[in-house]
């Protein structure tokens, strides 16, 4: 699957495009500045700027690693997350913060009679081309449009009934909720709509121990799995959350 934009091709976008752009631009400016002005004289003070080349190189490297994750790593990360579910094919699945549908569509491919639902508030800051229409297009192009439902919903206030979903997935979503009490609300909503005996798989690069604490306080079982440092940047841990059956 090629993330570059082209008519008739699946496009899962670039994650945090502004951050990637700014890191590469800032790093390039620092490197060029050091090359052109290795020493800067301010009054009687001679400043050696060569040390800034490492800062510039670090910025460029971080930007390129984030881009590499968008172009390749996130597909491996998706597969790792989906492999943590013992699929039967009849599951009701929810992808929280679906974006362009990478997890939702991946889950839909595991289903026969089940259904995969994706919710998002559609921010282009978090993901390039992040529009509901583009997610629908991806689902159709991946030939799972009939197994998917795509909705505009806030993770902290879901409209679904209690215990609706067998599987809940979320990648790089909850950290975008900046207020800690609202992140707790998102965890509470995930716990509420997860069926007894169901599994949630949550992945993020920050606040993961906070999420784990929240789910434990809600009475759910949790297991934290470490990041695959070769495939994710920033490194993404995975939290597996289970609601015990009756």
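Residue numbers (the UniProt record's numbering): 1 to 246.
All residues carry an ideal CB built from backbone N, CA and C; glycine is no exception.
Values in this document were obtained by computation on a predicted structure and should not be read as measured data.
C-beta atoms of residue i and residue j nearer than 7 Å
| i | j | result |
| --- | --- | --- |
| residue 102 | residue 129 | no |
| residue 55 | residue 94 | no |
| residue 97 | residue 120 | yes |
| residue 126 | residue 72 | no |
| residue 100 | residue 12 | yes |
| residue 202 | residue 211 | yes |
| residue 69 | residue 232 | yes |
| residue 182 | residue 174 | no |
| residue 136 | residue 150 | yes |
| residue 90 | residue 10 | no |
| residue 164 | residue 186 | no |
| residue 234 | residue 205 | yes |
| residue 65 | residue 20 | no |
DSSP state of residue i mapped onto helix, strand, coil
| i | result |
| --- | --- |
| residue 170 | strand |
| residue 143 | coil |
| residue 47 | strand |
| residue 193 | helix |
| residue 202 | strand |
| residue 159 | coil |
| residue 183 | helix |
| residue 39 | strand |
| residue 115 | strand |
| residue 19 | helix |
| residue 55 | helix |
| residue 137 | helix |
| residue 238 | strand |
| residue 153 | coil |
| residue 165 | strand |
| residue 121 | coil |
| residue 218 | coil |
| residue 208 | helix |
| residue 227 | coil |
| residue 30 | helix |
Cβ-based neighbour list, residue i, same chain, cut-off 8 Å, excluding 5 preceding and 5 following
| i | result |
| --- | --- |
| residue 46 | 39 and 40 |
| residue 49 | 33, 34, 37, 38, 39 and 40 |
C-beta neighbour in chain C for residue i, strict 7 Å
| i | result |
| --- | --- |
| residue 43 | Protein chain content of the structure displayed is limited to a single chain, and chain C is not contained in it. |
Close Cβ partners of residue i (< 6 Å) along its chain, the five nearest in sequence each way excluded
| i | result |
| --- | --- |
| residue 170 | 96, 97 and 202 |
| residue 52 | 30 and 34 |
Residues near residue i by beta carbon distance below 7 Å, same chain, minus five either side
| i | result |
| --- | --- |
| residue 132 | 122, 150 and 152 |
| residue 246 | 196 |
Residue i beta carbon near the ligand SAM (any heavy atom closer than 6 Å)
| i | result |
| --- | --- |
| residue 245 | For the structure depicted, the ligand SAM is absent and the ligand set is empty, with no information on it obtainable. |
Query raised in the report: Residue ranges of each alpha helix (DSSP H) run of no fewer than 4 residues wholly in the stretch 61-102, ordered along the chain?
Result: 74-82
Query raised in the report: Counting pairs of beta carbons, one from the stretch 47-66 and one from the stretch 213-228, are three or more of them closer than 8 Å?
Result: no
Query - Segment contact, 8 Å Cβ cut-off, at least three pairs: the stretch 239-246 with the stretch 194-202 - result: A contact between stretches requires three or more CB pairs, one per stretch, nearer than 8 Å, and the stretch 239-246 meets this requirement with the stretch 194-202.
Requested in this report: Please confirm if the stretch 68-88 is in contact with the stretch 103-116, defined as three or more CB-CB distances below 8 Å between the two stretches.
Outcome: yes
Requested in this report: Pair every Cβ in the stretch 182-193 with every Cβ in the stretch 111-127, then say whether three or more of these pairs are closer than 8 Å.
Outcome: no
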